[in-house]
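Residue numbers (the numbering used here), protein chains in the order written: chain S, 54 to 107; chain A, 91 to 471.
Even for Gly, the Cβ is constructed at its ideal location relative to N, Cα and C.
Report on one structure; see the data block that follows.
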Amino acid sequence: MKSWQCLVCGFIYEQEHGWPEDGIAAGTSWNDVPEDWVCPDCGVGKSDFEMVEI
Amino acid sequence: MKDIIIIGTGMAGYTLARELRKHDQQSTLLLISRDDGAYYSKPMLSNALDKDKTADTLIISDADKMATDLDATIWNHTDVTHIDAENHQIQCDRGAIEYKHLILACGANPIKIPFEGDAADTIMSVNNLDDYRHFRTALEKQKRIVIIGAGLIGCEFANDLSTSDITIDIVDLAPQALGRLLPAGAAKELQNRLLSKGVNWHLDNAVSSVNHKEGVLEVKLKSGEIIDTDIVLSAIGLRASLQLANTAGLEVERGIKVDRHLKTSQDDIYALGDCAQVEDLNLPFVMPLMNAARALAASLAGNKTAVNYPAMPVVVKTPIYPIVVCPPPRPVEGQWEEEVTETGIRAKFKDTQGTLQGFALTGELVKERMLMAKEVPDWLS
C-alpha cells in the first residue's frame, strides 16, 4: 500500500494503518483523508505532503 | 528594491515564503541564502542514516525549483553583512538592496565549547545539509564515534547510528538521557534500549580533552576514562544567530526579540524560527516556527495576525523507543508523576498547585499526545 511523507518533518502517512487517533481508519486512501487534516508531528496541511513509495 | 526580503532559506524562510504565496502572489520576493539554497527537511538530518538518505537524496527541491515554485528570486551562496534599518537597506556581497519588509530567518548555530587537546578542532556538529554531507563522508571510512550530549539530537543520532556497525559512546553531564525533558524512569528505559543496541553511556561525566594519537582520536573523560575513537560529534544545543540583528541594532536576548506579530524592535523588520525569541520564548522546534510563519504571512499580506502558541509536543526520533515530550517552556517548580503501563510510560509534570504543565509519553502511549496537549495551558495565548 502507498505512503505519503510530510515535506516538512518527515512524518509518514501509511494508508495501510491510517491514523486512528484522528478518526482516519486503517486503509483510508490519501484522497479520502479530510482536507483539513494536518500532520500530527508538525501541523502542516495535506498540500504540503508528497507521495513517497515505500 | 524588493517588497519582501527573507534572509535564510532553512525551514523558517521557505515555510514563510510558501505561506505568504497562499495569500499574496503580487509582492516581489527575494530570499538570500549563505548555502546553496536547497530545500530539505532539517529534522530528518538526525534519522537519515537508517533510511539510507545521503545529503543529496535529502534534498526535496534545489534553489532553482524553489524560485520557480515560489515565484521568487533566490540569491544563494550570498552573505548578508549589514542591515541599515533607517534606510530600509541591506548590504550583501552582491551589493546593496532596499526592502519594504525584511524577515530574519537566519537560524541558530551549534554551541561550541572550547575543549582541551590538539584535536579539539576536529569535533563535528550537524546543523545543516553541508554538515551532514561532511559527516556522512567521514562515516564511510570510520567505525567509532563519541557523541557529546544526550539531549534530543544526541539521542536521535545514537539511535540512528546504532542500526549500523559503528561503535557509539555518548557522554553527558546529566545523570540521565534527555535530562530536561524526561523523568528518570522513562530515560532509563531509553538508555537500556540503546544499550542493548551497543550504545555505551557515560553519564554524570564530561569530555575533558580530545587529542590526536597514532591516527585515531583519544577522548579523555572527566572520570579519567579514555576512549579511542574516529569521530567526535557535538550535540549540546543551539544558540540563536544574532550577528546580523546586531548590525541593525535590534534588541536581542536569547534570540532576536519579537512581539506577537513577529516584529523586532525596528519597524518593518521581523524574525521567526530558531533565531527569534517571541516574547520570552526561543523554541527551536518545527511547530512554533510553522505557527509563526502562518501568522506573519497573513500579517505581511495585510491581515494583521498575532501568533498563538498552544502546548506543542515534540516527537523524539528514537524509533527503538518512541518518545513524545512536551516540557514546560518556562522554568516552573513542580514534579514528575510517572505511570508505568504495559504499553509505555505516561509521565505528567505538575506544578506545586497540581496543574498539568507538561508531559512525556513513551512506547505506544505516544498516540495520546494530541489529547494530552489539550490539557496543558497554552504557552502564548
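Cross-strand partners of residue i (DSSP beta bridge)
i, result
"residue 349 of chain A", "Its beta-bridge partners do not exist; DSSP assigns none."
"residue 67 of chain S", "S:56"
"residue 436 of chain A", "A:429, A:451"
"residue 149 of chain A", "A:130"
"residue 300 of chain A", "A:309"
"residue 361 of chain A", "A:194"
"residue 135 of chain A", "Note: residue 135 of chain A sits in no beta bridge, so no partner."
"residue 219 of chain A", "Residue 219 of chain A pairs with nothing; no bridge assigned."
"residue 371 of chain A", "A:368"
"residue 406 of chain A", "A:413"
"residue 72 of chain S", "S:77"
"residue 98 of chain S", "S:91"
"residue 424 of chain A", "A:441"
"residue 342 of chain A", "A:346"
"residue 160 of chain A", "Residue 160 of chain A is not bridged to any residue."
Residue i versus residue j - alpha carbon distance
i, j, result
"residue 345 of chain A", "residue 359 of chain A", "14 Å"
"residue 428 of chain A", "residue 287 of chain A", "25 Å"
"residue 54 of chain S", "residue 85 of chain S", "15 Å"
"residue 64 of chain S", "residue 95 of chain S", "8 Å"
"residue 350 of chain A", "residue 371 of chain A", "11 Å"
"residue 403 of chain A", "residue 211 of chain A", "35 Å"
"residue 456 of chain A", "residue 376 of chain A", "18 Å"
"residue 120 of chain A", "residue 279 of chain A", "48 Å"
"residue 367 of chain A", "residue 348 of chain A", "6 Å"
"residue 154 of chain A", "residue 187 of chain A", "21 Å"
"residue 184 of chain A", "residue 129 of chain A", "22 Å"
"residue 433 of chain A", "residue 452 of chain A", "8 Å"
"residue 423 of chain A", "residue 206 of chain A", "36 Å"
"residue 92 of chain S", "residue 101 of chain S", "9 Å"
"residue 177 of chain A", "residue 464 of chain A", "45 Å"
"residue 477 of chain A", "residue 342 of chain A", "Given a span of 91 to 471 for chain A in the structure shown, any question on residue 477 of chain A remains unanswerable."
"residue 273 of chain A", "residue 437 of chain A", "7 Å"
"residue 257 of chain A", "residue 282 of chain A", "16 Å"
"residue 425 of chain A", "residue 449 of chain A", "11 Å"
"residue 92 of chain A", "residue 414 of chain A", "41 Å"
"residue 296 of chain A", "residue 68 of chain S", "45 Å"
"residue 208 of chain A", "residue 202 of chain A", "16 Å"
"residue 99 of chain A", "residue 149 of chain A", "13 Å"
"residue 163 of chain A", "residue 439 of chain A", "47 Å"
"residue 459 of chain A", "residue 416 of chain A", "9 Å"
"residue 170 of chain A", "residue 125 of chain A", "12 Å"
"residue 320 of chain A", "residue 89 of chain S", "48 Å"
"residue 32 of chain S", "residue 197 of chain A", "Given a span of 54 to 107 for chain S in the structure shown, any question on residue 32 of chain S remains unanswerable."
"residue 393 of chain A", "residue 219 of chain A", "35 Å"
"residue 470 of chain A", "residue 328 of chain A", "22 Å"
"residue 62 of chain S", "residue 356 of chain A", "32 Å"
"residue 379 of chain A", "residue 108 of chain A", "13 Å"
Start and end residues, alpha helix (DSSP H) containing residue i
i, result
"residue 380 of chain A", "376 to 390"
"residue 104 of chain S", "Premise fails: residue 104 of chain S lies in the beta strand (DSSP E), 102 to 105, not in any alpha helix (DSSP H)."
"residue 112 of chain A", "101 to 113"
Nearest-angstrom Cβ-Cβ length linking residue i and residue j, presumed shorter than 8 Å
i, j, result
"residue 96 of chain A", "residue 193 of chain A", "5 Å"
"residue 318 of chain A", "residue 306 of chain A", "5 Å"
"residue 331 of chain A", "residue 311 of chain A", "The Cβ separation is near 31 Å, so there is no contact."
"residue 103 of chain S", "residue 57 of chain S", "7 Å"
"residue 418 of chain A", "residue 443 of chain A", "That belief does not hold up - the Cβ atoms of residue 418 of chain A and residue 443 of chain A are roughly 13 Å apart, past 8 Å."
"residue 325 of chain A", "residue 225 of chain A", "With a Cβ gap of about 11 Å, residue 325 of chain A and residue 225 of chain A do not count as contacting."
"residue 275 of chain A", "residue 435 of chain A", "6 Å"
Residue i, enclosing beta strand (DSSP E) - first and last residue
i, result
"residue 464 of chain A", "Note, residue 464 of chain A: premise wrong, no beta strand (DSSP E); not H, not E."
"residue 57 of chain A", "Outside the displayed span of chain A (91 to 471) sits residue 57 of chain A, for which this structure offers no information."
"residue 366 of chain A", "366 to 368"
"residue 143 of chain A", "Where residue 143 of chain A is concerned, there is no enclosing beta strand (DSSP E), given that its DSSP letter is neither H nor E."
"residue 77 of chain S", "Segment: none, residue 77 of chain S is in no beta strand (DSSP E) and carries neither H nor E."
"residue 92 of chain A", "92 to 97"
"residue 470 of chain A", "That residue, residue 470 of chain A, is in no beta strand (DSSP E); it is neither H nor E in DSSP."
"residue 293 of chain A", "From DSSP, residue 293 of chain A is part of no beta strand (DSSP E); its letter is neither H nor E."
heavy atom of the ligand GDP below 7 Å from residue i C-beta
i, result
"residue 102 of chain A", "Of the ligands one can find in the structure shown there are none, so the ligand GDP has no counterpart to examine."
Mind pulling the beta strand (DSSP E) runs of 3 or more residues that sit fully within the segment 309 to 340 of chain A? 316 to 319, 321 to 324, 328 to 330
Ordered list of beta strand (DSSP E) runs contained in the segment 164 to 215 of chain A, each at least 3 residues: 170 to 174, 179 to 182, 185 to 194, 198 to 200
Which parts of the segment 225 to 280 of chain A are runs of the beta strand (DSSP E), unbroken and 3 residues or longer, counting only runs that do not cross its ends? 234 to 238, 257 to 261
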